[in-house]
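Asks: Each residue of the sequence shown is one higher than the last, beginning at 531 in our numbering. Each residue gets a CB set at the ideal place from its N, CA and C atoms; glycine is no exception.
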Amino acid sequence: MTKKFIWWKHGTIYQIYPRSFYDTNRDGIGDLNGITQKLDYLQDLGISGIWISPFYKSPKYDFGYDISDYRSIDPDFGTEADFKKLIAEAHKRNIHIILDMVINHTSCEHPWFIDSSSSRDSKKNDWYIWVDGKKGKYPNNWMSAFGGHAWHWSEERKQYYLHLFLKEQPDLNWRNQAVEKAVFDDIEFWLKMGVDGFRLDVINFIVKDKQFRSNPYFLHRTKPRRHDMQHHKYDRNQPETHKILKRLRKLMNRYGETMLVGEVYPDEDVMDPAVPAQYLGKGNDELHLAFDFSTIFAKFSARCFRKLLTRWYSSLNDTGWPCHVLSNHDKSRAISRLAKGSIEKAKLLMMLLLTQKGTPFLYYGEEIGMTDVSIRHRDIVDPPGKQYWPFYKGRDGVRTPMQWDETKNAGFSKSKPWLPVGPKYKSVNLKQQQVEADSIFNFTRTLVHLRNQNEALFNGSFRIEESHRSLLVYRRTGKHSEFLILLNFSNKKRQFLPRTTGWHVMQATHLRKGMNIDLDIIALQPFESLLLKRDLTKQGRSLHINKRKQKKT
Ligand SMILES: [Ca+2]
531 MTKKFIWWKH GTIYQIYPRS FYDTNRDGIG DLNGITQKLD YLQDLGISGI
581 WISPFYKSPK YDFGYDISDY RSIDPDFGTE ADFKKLIAEA HKRNIHIILD
631 MVINHTSCEH PWFIDSSSSR DSKKNDWYIW VDGKKGKYPN NWMSAFGGHA
681 WHWSEERKQY YLHLFLKEQP DLNWRNQAVE KAVFDDIEFW LKMGVDGFRL
731 DVINFIVKDK QFRSNPYFLH RTKPRRHDMQ HHKYDRNQPE THKILKRLRK
781 LMNRYGETML VGEVYPDEDV MDPAVPAQYL GKGNDELHLA FDFSTIFAKF
831 SARCFRKLLT RWYSSLNDTG WPCHVLSNHD KSRAISRLAK GSIEKAKLLM
881 MLLLTQKGTP FLYYGEEIGM TDVSIRHRDI VDPPGKQYWP FYKGRDGVRT
931 PMQWDETKNA GFSKSKPWLP VGPKYKSVNL KQQQVEADSI FNFTRTLVHL
981 RNQNEALFNG SFRIEESHRS LLVYRRTGKH SEFLILLNFS NKKRQFLPRT
1031 TGWHVMQATH LRKGMNIDLD IIALQPFESL LLKRDLTKQG RSLHINKRKQ
1081 KKT
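So this is what it looks like as structure tokens:
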């Protein structure tokens, strides 16, 4: 490798939803020891870092995204000793650990909130967002993302407190310096233990308008909830957030090559990538990475991805480093949402994800083509799913147990899992796909390793090529080699003129891996995707020309 490989920038990150990864103590819930046991698998896949969804102590009103103690591990997942073992074993395999930090709010059972809500004279009386009001008359029009008003009346204080999510998730008052110090101390606790990074939950929500002004409304045809019909001018993206992130970055910098990746939600209707981009600051003074969720709302079309990727890259303006995600614990899996269950299309999306400029994030099961699972009403545990069923069935369907093999419970647990296993696990599981040469697992694994090994892929420039509108073609150029990626989003054959020759097929969906392409025109099958490489060094080029001459004679 010619350039230094930076784990969070050049490597592939894998998100684990720990309740559903692997259960070692037969309680039907995935645990930290389960992750440790599967580290060899993740190393083999070529992963540089794992982001683990929250496993802190929590009453689980929102399955761990409501934390009641930032420094302790929920007994569902194991002990601090288990976690220390996980860090040590991961680091041995050059796998970095990213924790999920939920600092917009705590659980209502956090001692800080218990103290704060006890009385207006309590020690932590202004650690949360308390506003006077008359019972029954809300302070403003802010709505909870999980439904209903974002204000809850407290009989003890005769005041409202803010909760942008469940009422069991009160929002912290980030305008209070003592809150910042306490949360930073908790973050540092994990850094001292050896954690390498944090994914910051709804980080652009943390600071709210000082005057608590009401959000302006606008009409939205496809999203009838009042929450989505507001321009979140006053409950998100306040300028003070940048100052907090700058101070947090300074803390992170004291612990070596660490990273922060932010979950940043622009207004639901716009999904403007300039919003996440602004949290990267000058590229070295705020977040290391921020998610652009516009691709999560994309359609399966070359035109759509061309537009979204161009927007994302141009909003970063060469100062921030991009990252890319197609699936996570909150949204329908890409294979269901975009590929409608087609493995062929899912492979094309995998090619897209793993050949972009910027850090790719995989969601557990994505590498084996796990689809969304339909959950029966009585099995639903996700709070918004319970509230809005049958109009919205919640997020349980994207959080089902990892499908390891064809045995009972897909090899996830010896006991009944906390959520049902996907019904197709006997045909869709890792063990089977490991032996099938053209499985989506082997396709993904090859791409991750090609990315790790080729500077042009992990750090090269990116340029979209002109092509037929249903093709997406782009070039990744490094010092010594160049890659050409061709994605045919249509169900028809398409052609592309590459202008340059000397291409070697590194990965393909349609059985031509290992072949050389010297044609002036490349013909693509329906939904075919191709990864081509050519050598840019003099030696490599002359070798190639000699080969061509040999063929002709
Ligand atoms: Ca367990």
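Rounding to the nearest angstrom, what Cα-Cα distance links M880 and L1060 in this structure?
Replies: Those two C-alpha atoms are separated by around 11 Å.
Asks: Residues in the same chain with beta-carbon distance under 6 Å from S945, minus the five sequence neighbours each way, listed in chain order, please.
Replies: The residues are R556 and G558.
Asks: Pick from I1051, P605 and H859: whose alpha carbon is nearest that of D592?
Replies: Of the listed residues, the one whose Cα sits closest to D592 is H859.
Asks: Taking Cβ to Cβ, would you say S637 is nearer than 7 Å to I597?
Replies: The answer is yes: Cβ separation under 7 Å.
Asks: Could you tell me the alpha carbon to alpha carbon distance between F971 and R777, rounded to whole angstroms?
Replies: If you take the alpha carbons of F971 and R777, they lie about 41 Å apart.
Asks: Quick check on C638: does DSSP put it in helix, strand or coil?
Replies: Three-state DSSP puts C638 in coil, outside helix and strand.
Asks: Taking 5 Å as the limit, tell me which residues put their C-beta closer than that to any heavy atom of ligand 1, in chain order.
Replies: Qualifying residues come out as D553, N555, D557, I559 and D561.
Asks: Is the Cβ-Cβ distance between L977 and I898 less than 7 Å?
Replies: No; because the gap between Cβ atoms is not below 7 Å, this pair is not in contact.
Asks: Considering Cα atoms alone, identify which of T825, D802, I826 and R779 is closest to L810.
Replies: Comparing Cα positions, the closest option is R779.
Asks: For the alpha helix (DSSP H) that Y571 lies in, which residues bound it at each end?
Replies: Note, Y571: alpha helix (DSSP H), L569 to L575.
Asks: Locate the alpha helix (DSSP H) running through T771, then write down its first and last residues.
Replies: E770 to N783 is the extent of the alpha helix (DSSP H) around T771.
Asks: List in chain order: all unbroken alpha helix (DSSP H) runs of 4+ residues lying wholly within the region 810–889.
Replies: List check, alpha helix (DSSP H) in window: 832–846, 864–867 and 873–884.
Asks: What is the DSSP secondary structure of W657, counted as helix, strand or coil?
Replies: Coil.
Asks: Apply the 10 Å Cβ neighbour rule to A967 and answer buried if 16 or more other Cβ atoms are within range, or exposed otherwise.
Replies: Classification for A967: exposed.
Asks: Assuming contact is defined by CB atoms lying nearer than 7 Å, are R863 and S872 in contact in what I supplied?
Replies: It is not a contact, given that the beta carbons lie outside the stated cut-off.
Asks: Buried or exposed: where does H1084 fall if 16 or more other Cβ atoms within 10 Å of its Cβ makes it buried?
Replies: As shown, the chain starts at 531 and ends at 1083. That puts residue 1084 outside it, with no answer to give.
Asks: Counting C-beta neighbours from all protein chains within 10 Å, is the total for R1006 16 or more, i.e. buried, or is it exposed?
Replies: It is buried - the Cβ of R1006 has at least 16 other Cβ atoms within 10 Å.
Asks: Between S578 and I625, how many whole angstroms is the CB-CB distance? I'm expecting something under 8 Å.
Replies: About 7 Å; that satisfies the 8 Å criterion.
Asks: Let me know if P796 comes out buried or exposed under the rule of 16 or more other beta-carbons within 10 Å of its beta-carbon.
Replies: Its Cβ being crowded by 16 or more others within 10 Å, P796 is buried.
Asks: Please check the pair S588 and G594, which I expect to be a contact at CB under 8 Å, by giving their CB distance rounded to whole angstroms.
Replies: Between G594 and S588 the Cβ distance is about 5 Å, and since that is below 8 Å, they are a contact.
Asks: Kindly confirm or deny that the region 752–766 and the region 814–822 touch, where touching means at least three C-beta pairs closer than 8 Å.
Replies: No contact exists between the region 752–766 and the region 814–822.
Asks: If you run the structure through DSSP and keep just helix, strand and coil, what is H979?
Replies: Helix.
Asks: Is the beta carbon of N634 closer than 7 Å to that of F748?
Replies: Cβ distance not < 7 Å, so F748 and N634 don't count as in contact.
Asks: Candidates T1039, R1064 and V965: which alpha carbon is nearest N1046's?
Replies: Comparing Cα-Cα distances from N1046 to each of T1039, R1064 and V965, the minimum goes to R1064.
Asks: I need the DSSP call for S674, collapsed to helix, strand or coil.
Replies: Coil, per DSSP.
Asks: Determine whether the beta carbon atoms of F1057 and L878 lie at a separation below 7 Å.
Replies: Closer than 7 Å, so yes.
Asks: Determine, using beta carbons only, whether T937 and V903 come nearer to each other than 7 Å.
Replies: The answer is no: Cβ separation not under 7 Å.
Asks: For S957, which of helix, strand or coil comes out of DSSP?
Replies: Looking at S957 - three-state DSSP - the assignment turns out to be coil, as it is neither helix nor strand.
Asks: Output the residue ranges of the beta strand (DSSP E) runs that lie fully inside the region 977–1032 and measure 3 residues or longer, sorted by chain position.
Replies: Complete beta strand (DSSP E) runs here, min 3: 991–994, 1001–1007, 1011–1018 and 1024–1026.
Asks: Under 7 Å between the Cβ atoms of Y658 and Y691?
Replies: Closer than 7 Å, so yes.
Asks: What does DSSP give as the partner residue(s) for K1064 in the beta ladder?
Replies: The displayed chain sequence assigns Arg, not Lys, to residue 1064. DSSP, once it has assigned bridges, lists E1012 as partnering R1064.
Asks: Below 7 Å between beta carbons: does that hold for T542 and P890?
Replies: Yes, the pair counts as a contact, with Cβ atoms nearer than the cut-off.
Asks: Where does the unbroken beta strand (DSSP E) through L702 begin, and where does it stop?
Replies: Looking at the DSSP string, L702 is not in any beta strand (DSSP E), and its letter there is neither H nor E.
Asks: Let me check understanding here. Comparing Cα to Cα, which of M801, K722, Q962 and D574 lies closest to L839?
Replies: Considering only alpha carbons, the answer is M801.
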